[in-house]
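Be aware that the sequence shown starts at 1, since it is given in the working numbering, and climbs by one per residue.
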Amino acid sequence: MNILTPSLVGVDEGLWDKIMDTNLKGAYLVSSRAARLMKKAGAGKIINISSTAAQRAAMGMGVYCIAKAGLEMLTKVLAVELAQDQINVNAVAPGVVMTKFSQPFWSNETLLKQIESGIPFGRIAKTEDVVGTVLYLASGLSNFVTGEIITVDGGSMAR
């Protein structure tokens with residue numbers, strides 16, 4: 001799915017719905033079903049994948065930014081509601097990661113250099129850069145961590 005859109009006021013309602021369904025409604029439906037199963041099991045971990053786009057408005061990505069911001073609030077509300085059931089709910093918010101999804105950003109050398117200049121580590125993330133955080137949240141090491149949004153972006157949001 002292409003997350004690049006015209007200005008927010010010019011977005012077609014069908015595109016709005018598609019981006020919201022994919023990035024917010026889908027997470028809600030999966031999380032609510034998983035939570036019911038985890039309650040029966042006595043505990044569990046829900047890990048959502050957000051984006052730094054939830055925390056920084058971006059031209060041409062308005063609907064995606066809004067959907068990911070909604071996902072982060074969904075994560076926090078579920079964390080509060082499900083803590084009594086020993087269910088941790090957290091999210092990982094990567095910056096640009098070199099995937100097929102983000103190809104429009106890294107396949108253009110000029111745009112890539114511009115993005116990388118804003119990242120203290122000097123490069124965009126690889127998928128393996130995000131995996132460690134997800135594994136931590138899935139492990140027993142994070143049993144007292146809930147309602148958190150962990151940014152994995154090479155330091156770009158620190159600027």
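C-beta atoms are modelled at their ideal positions from N, C-alpha and C, and glycine is treated no differently.
Just so we're clear, the structure is a prediction, and the values are computed from it rather than from any experiment.
Using CA coordinates, which residue listed in GLU81, VAL11, ARG56 and SER7 is at the minimum distance from SER31? In the sequence shown, residue 31 corresponds to position 31, counting from 1. Taking only the C-alpha atoms, the option nearest SER31 is GLU81.
Determine the DSSP secondary structure at GLY70, reduced to helix, strand or coil. Position 70 of the sequence shown holds residue 70. Of the three classes helix, strand and coil, the one that applies to GLY70 here is helix, per DSSP.
Based on Cα-Cα distance, which residue from TYR64, CYS65 and ASN90 lies nearest to LYS76? Counting from one through the sequence shown, the residue named residue 76 turns up at place 76. If we check each option's Cα against that of LYS76, ASN90 comes out closest.
VAL131: buried (16+ other C-beta within 10 angstroms of its C-beta) or exposed? Against the sequence shown, residue 131 aligns to sequence position 131. Exposed: under 16 other Cβ atoms inside 10 Å.
Given ALA53, which residues of its chain have a CB within under 7 Å of its CB, disregarding the five upstream and five downstream residues? Working through the sequence shown from its first residue, we reach residue 53 at position 53. So the qualifying residues of the chain are MET61, TYR64, CYS65 and LYS68.
Rounded to a whole number of angstroms, what is the C-alpha to C-alpha distance between SER117 and PRO94? Residue 117 sits at position 117 when you count from the first residue of the sequence shown. Residue 94 sits at position 94 when you count from the first residue of the sequence shown. Answer to the nearest angstrom: the Cα atoms are 17 Å apart.
Look at the alpha carbon of VAL152 and the alpha carbon of LYS126, and state the distance between them as a whole number of angstroms. One-based indexing of the sequence shown puts residue 152 at position 152. One-based indexing of the sequence shown puts residue 126 at position 126. Using only the alpha carbons, I get a separation of about 11 Å.
CA nearest to the CA of SER139, picked from PHE101, ILE87 and SER51: Residue numbering aside, residue 139 sits at position 139 when the sequence shown is read from its first letter. Comparing Cα-Cα distances from SER139 to each of PHE101, ILE87 and SER51, the minimum goes to ILE87.
Between the segment 96-104 and the segment 7-24, are three or more C-beta pairs nearer than 8 Å? no
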